[in-house]
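Comments concern the structure below.
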């Protein structure tokens, strides 16, 4: 305080310069520390993320088999994917079916489950742990287990169908059947994702102010009205988040197809990610595989963008 | 009106309300029990199969309680499977532990820089790091593979470990958010003592950030331990395989010793299960925050 009073009298330029110099030295030092601590992440960004994103775009316009140098062929890889590569077209359809088949059923079932768990009942932590089990289990272990469950002769599924009176000839061959293999993977995906979706829904449900329900009850609203006009709108941000995540994750599905069916029978379960994997690392056709990766990128991006746009129509933020 | 205000409806209404509550409760328990059963039965079947003799495995109708219980399957897994199972466990543990350490270290350091240090370019860099989270893994897969090939790291564990030491956008974001909630007085007292930013990060911030660090470490553990695509690309010799890759290849080879495959799968789930029991709140938290699925 005394100094500021003195500052008026003292020559104007000197204290300002003196004050700034040591400060900027300190700031520079802080900046140096910041970049030192960010160094690993920046190197990682350059070599493992941003660099590769650009590089794979470039590779997608070439013919490249790793052994010989890449050869520029323009957009030929992209054109070929949708015109000549029948497996890719099939894989694309399968992946879309997978995403649009698993997402609604998974979201509906997990919301139902979350609503049930949101009641005041005993043993909720115990049940929640059980529902979480498939989610944390390794995809490979789960895939192996379900391959066994789907075994046409000795698996649980056909045993249950047998108990229900379905004759031996009518029971599906599941993973060995071109009709049933993809639905089989989808059923498994719903089973595995239920715990995760439910946990997120439960967090959303517990965030709803109970006074809404109390007010509705006084107005004589039944359970369906309460669900339809209070729960559903107020939970919509969570539903939106889960839809985006399901779209992003589902479009990249790889493990079940790789482990359980290797894409068969007759490409019935070949997904885009699996086809990409084989094209790149078995046939060493890096150009085509990179083009697939970019198609995938575009789809995931569009899906996310669309959902961000559409959410205005139905998501209510308080 | 008065009745409503005092909360005592006429007897007939009260009776009806109790009945509908009872029905609701029954429906809730029914839903939960059916769902819990659906979740558990496959795991029970896995354990049951892992304890059977080959003869019992292929029995119809299926036997749920093996007789005799063949515990020795869990020993045979280590000798009979067409890849060295014990080595695979060691490989998985090594890759997972080093990746978790590397990712936590590099991401937390970056998180501290963004949360507490002022530097030119922070406003540009941070959104770039966040943006990388939206990129599907497939897009970077091939160039990174080519890089690892140029480094002669194919068929080594390096491609699965080294990148972890070079940052993790999600971890950076998670821990930055946590660091921002900590009071600034913490660093001030350390600064007066002449501590540099790294010292403050390592000695002040990290020790008190256990919830965020543990959440991220648990998530990284799950991701690496369960990873299949990375090992499938980089590792071919059986002696280098991880548990996930080895088990996946059994299917590819049309191996039919289901009791051994299930025993192997059970063993591969045990560390996850142990960690889940020990650190359940971090699992749930991490999952809720991240959107990462099995």
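Protein chains in written order, with my numbering: chain F, -10 to 307; chain H, 548 to 841.
Just so it is clear, CB atoms sit at the ideal spot from N, CA and C, and this is done for glycine as well.
Using only alpha-carbon positions, find the residue among the options that is nearest to residue i.
i, options, result
"residue 719 of chain H", "H:631, H:642, H:655 and H:605", "H:655"
"residue 697 of chain H", "F:55, F:295 and F:264", "F:55"
"residue 657 of chain H", "F:255, F:26 and F:52", "F:26"
"residue 302 of chain F", "F:253, F:244 and F:225", "F:225"
"residue 212 of chain F", "F:90, F:72 and F:108", "F:108"
"residue 682 of chain H", "F:291, F:153, F:122 and F:120", "F:291"
"residue 20 of chain F", "H:661, H:565 and H:815", "H:661"
"residue 588 of chain H", "F:145, F:91, F:103 and F:38", "F:145"
"residue 716 of chain H", "H:774, H:652, H:703 and H:826", "H:652"
"residue 80 of chain F", "F:304, F:246, F:306 and F:289", "F:246"
"residue 116 of chain F", "H:764, H:778 and H:577", "H:577"
"residue 678 of chain H", "F:120, F:42 and F:199", "F:42"
"residue 575 of chain H", "F:193, F:28 and F:112", "F:112"
"residue 773 of chain H", "H:795, H:783, H:599 and H:829", "H:795"
Could you tell me the distance, in whole angstroms, from the CA atom of residue i to the CA atom of residue j?
i, j, result
"residue 788 of chain H", "residue 725 of chain H", "36 Å"
"residue 249 of chain F", "residue 664 of chain H", "49 Å"
"residue 561 of chain H", "residue 567 of chain H", "10 Å"
"residue 118 of chain F", "residue 171 of chain F", "28 Å"
"residue 242 of chain F", "residue 286 of chain F", "13 Å"
"residue 852 of chain H", "residue 221 of chain F", "Since the displayed chain H opens at 548 and closes at 841, residue 852 of chain H lies outside it and no answer follows."
"residue 840 of chain H", "residue 125 of chain F", "Residue placement at residue 840 of chain H cannot be trusted, given a pLDDT of 39 that sits under 50; what the coordinates show is reported in the next sentence. Roughly 8 Å between the two C-alpha positions."
"residue 582 of chain H", "residue 99 of chain F", "10 Å"
"residue 631 of chain H", "residue 130 of chain F", "17 Å"
"residue 258 of chain F", "residue 628 of chain H", "27 Å"
"residue 256 of chain F", "residue 754 of chain H", "52 Å"
"residue 793 of chain H", "residue 608 of chain H", "30 Å"
"residue 823 of chain H", "residue 86 of chain F", "33 Å"
"residue 10 of chain F", "residue 741 of chain H", "Confidence in residue 10 of chain F is poor, its pLDDT being 47 and thus under 50, which makes the residue's placement unreliable; the coordinate value appears in the next sentence. The straight-line gap from Cα to Cα measures roughly 19 Å."
"residue 701 of chain H", "residue 32 of chain F", "21 Å"
"residue 183 of chain F", "residue 127 of chain F", "15 Å"
"residue 48 of chain F", "residue 59 of chain F", "8 Å"
"residue 254 of chain F", "residue 757 of chain H", "48 Å"
"residue 233 of chain F", "residue 88 of chain F", "11 Å"
"residue 752 of chain H", "residue 570 of chain H", "52 Å"
"residue 240 of chain F", "residue 731 of chain H", "43 Å"
"residue 206 of chain F", "residue 827 of chain H", "36 Å"
"residue -4 of chain F", "residue 18 of chain F", "Here residue -4 of chain F scores only 38 on pLDDT, less than 50, and its place in the model should not be relied on; the value that follows carries that caveat. C-alpha separation (whole angstroms): 28 Å."
"residue 38 of chain F", "residue 53 of chain F", "21 Å"
"residue 692 of chain H", "residue 645 of chain H", "20 Å"
"residue 101 of chain F", "residue 816 of chain H", "28 Å"
"residue 666 of chain H", "residue 16 of chain F", "8 Å"
"residue 123 of chain F", "residue 214 of chain F", "33 Å"
"residue 306 of chain F", "residue 223 of chain F", "7 Å"
"residue 120 of chain F", "residue 585 of chain H", "9 Å"
"residue 802 of chain H", "residue 596 of chain H", "15 Å"
"residue 169 of chain F", "residue 137 of chain F", "15 Å"
"residue 819 of chain H", "residue 61 of chain F", "46 Å"
"residue 708 of chain H", "residue 780 of chain H", "14 Å"
"residue 274 of chain F", "residue 699 of chain H", "20 Å"
"residue 217 of chain F", "residue 572 of chain H", "20 Å"
"residue 785 of chain H", "residue 97 of chain F", "42 Å"
According to DSSP, what are the bridge partners of residue i?
i, result
"residue 298 of chain F", "Answer is none; residue 298 of chain F lacks a bridge partner."
"residue 181 of chain F", "Beta-bridge pairing links residue 181 of chain F to no other residue."
"residue 52 of chain F", "F:60"
Please check the pair residue i and residue j, which I expect to be a contact at CB under 8 Å, by giving their CB distance rounded to whole angstroms.
i, j, result
"residue 94 of chain F", "residue 179 of chain F", "5 Å"
"residue 283 of chain F", "residue 34 of chain F", "Wrong, their Cβ atoms sit about 20 Å apart, outside the cutoff."
"residue 690 of chain H", "residue 203 of chain F", "The Cβ separation is near 57 Å, so there is no contact."
"residue 105 of chain F", "residue 579 of chain H", "5 Å"
"residue 252 of chain F", "residue 263 of chain F", "5 Å"
"residue 762 of chain H", "residue 833 of chain H", "4 Å"
"residue 268 of chain F", "residue 281 of chain F", "7 Å"
"residue 593 of chain H", "residue 809 of chain H", "5 Å"
"residue 191 of chain F", "residue 103 of chain F", "5 Å"
"residue 293 of chain F", "residue 236 of chain F", "7 Å"
For the ligand MG, is there a heavy atom less than 7 Å away from the beta-carbon of residue i?
i, result
"residue 190 of chain F", "For the structure depicted, the ligand MG is absent and the ligand set is empty, with no information on it obtainable."
Under 8 Å, with one C-beta from each stretch per pair, do the region 684 to 692 of chain H and the region 744 to 752 of chain H reach the 3-pair mark?
Too few Cβ pairs lie closer than 8 Å, so no.
I want to know whether the region 702 to 718 of chain H touches the region 61 to 68 of chain F - three or more CB-CB distances under 8 Å.
Not touching, per the Cβ criterion.
So, do the region 766 to 774 of chain H and the region 612 to 624 of chain H have three or more beta carbon pairs nearer to each other than 8 Å?
Cβ pair count under 8 Å is below three, so no.
Counting pairs of beta carbons, one from the region 616 to 623 of chain H and one from the region 745 to 764 of chain H, are three or more of them closer than 8 Å?
Contact fails: fewer than three Cβ-Cβ distances are below 8 Å.
Can you confirm whether the region 291 to 301 of chain F touches the region 72 to 86 of chain F when touching is taken to mean that 3 or more C-beta pairs between the two stretches lie within less than 8 Å?
With fewer than three CB-CB distances shorter than 8 Å, the region 72 to 86 of chain F does not count as touching the region 291 to 301 of chain F.
Could you check whether the region 138 to 145 of chain F touches the region 156 to 174 of chain F, counting it as contact only if at least three pairs of C-beta atoms, one from each stretch, sit closer than 8 Å?
These segments touch.
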